[in-house]
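Using the numbering used here, read the sequence shown as starting at 52 and increasing by one per residue.
Glycine included, C-beta positions come from ideal geometry on N, C-alpha and C.
The structure under discussion appears below in the form of structure tokens.
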Amino acid sequence: QALRYRPSGQKPTMRAVDLDAFRGWLQRYFDAWASNDPDRVSSLFAEDAVYSYGPFREETRGRDAIVRAWVEGGVPSELRTDVEPIAVAGDRGVAHWRVSFRDGSGSAIEMDGILVCDFDEAGRCVLHREWYDRHDPPS
């Protein structure tokens with residue numbers, strides 16, 4: 052059995068995730084980003100969820116903090132998203148995503164990444180980890 056990273060104090064979950072359930076969660080995730088609706092964002096995460104933006108950035112801990120950080124970021128203009136579930140195993144789903152948008156100055160931004168999520172028995176994310184690269188193409 053693979054060693055599983057869990058933030059301190061977080062218990063393993065028991066819910067098996069299937070591909071259709073994960074695909075639906077991903078759709079709600081990107082819809083929440085496009086809407087920037089705090090209730091939609093909140094519905095995705097467990098109360099004690101951890102949101103990791105990569106190995107060298109500080110994690111956001113707790114649903115309320117995740118929602119606050121998400122909503123404060125706003126919706127970028129010309130947001131386009133594409134996501135493909137890659138795998139599900141046990142309580143974990145893995146996906147590849149791509150987004151493009153314009154930042155506050157109007158510059159084009161492209162991002163490409165991998166998302167790994169662990170879920171609780173209610174289908175809410177308890178551990179969200181992503182790794183991505185960002186490209187700022189010439190305007």
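Under a Cβ-count criterion, where at least 16 other Cβ atoms within 10 Å of its own Cβ denotes burial, should residue i be classed as buried or exposed?
i, result
"Pro-189", "exposed"
"Phe-107", "exposed"
"His-38", "Coverage of the chain is limited to positions 52 through 190, which leaves residue 38 absent and any answer about it impossible."
"Leu-95", "buried"
"Leu-77", "buried"
"Arg-185", "exposed"
"Asp-71", "exposed"
Considering only C-alpha positions, which residue in the set the options is nearest to residue i?
i, options, result
"Ile-165", "Glu-172, Ala-173, Ile-137, Val-92", "Ile-137"
"Asp-187", "Ala-173, Val-68, Val-150, His-179", "Val-150"
"Ser-86", "Arg-143, Val-122, Glu-98, Asp-163", "Val-122"
"Glu-181", "Asp-99, Arg-175, Gly-144, Arg-153", "Gly-144"
"Phe-152", "Arg-74, Asp-171, Gly-174, Ser-128", "Ser-128"
"Cys-168", "Ala-140, Gly-155, Asp-154, Ala-159", "Ala-140"
"Gly-75", "Ala-146, Ala-120, Asp-163, Tyr-104", "Ala-146"
"Gly-155", "Arg-175, Val-134, Leu-130", "Leu-130"
Starting from the C-beta of residue i, find all residues in its chain whose C-beta is less than 8 Å away, skip the five residues before and the five after it, and write them out in chain order.
i, result
"Arg-91", "Arg-79, Asp-82, Ala-83"
"Thr-132", "Phe-81, Trp-84, Ala-85, Trp-148, Arg-149, Val-150"
"Arg-114", "Ser-93, Phe-96, Ala-97, Glu-98, Asp-99, Ala-100"
Within a Cβ cutoff of 6 Å, which residues of the same chain sit near residue i, ignoring the five residues on either side of it in sequence?
i, result
"Arg-112", "Val-101"
Contact criterion: CB-CB distance below 9 Å. Does residue i meet it with respect to chain C?
i, result
"Arg-143", "Looking at the structure shown, chain C is missing, and only one protein chain is on hand."
Please go through the same chain and pick out, in chain order, the residues whose beta-carbon is closer than 7 Å to the beta-carbon of residue i, but skip the five residues on each side of it.
i, result
"Asp-69", "Val-139"
In this structure, what does DSSP give as the bridge partners for residue i?
i, result
"Pro-136", "Ala-146"
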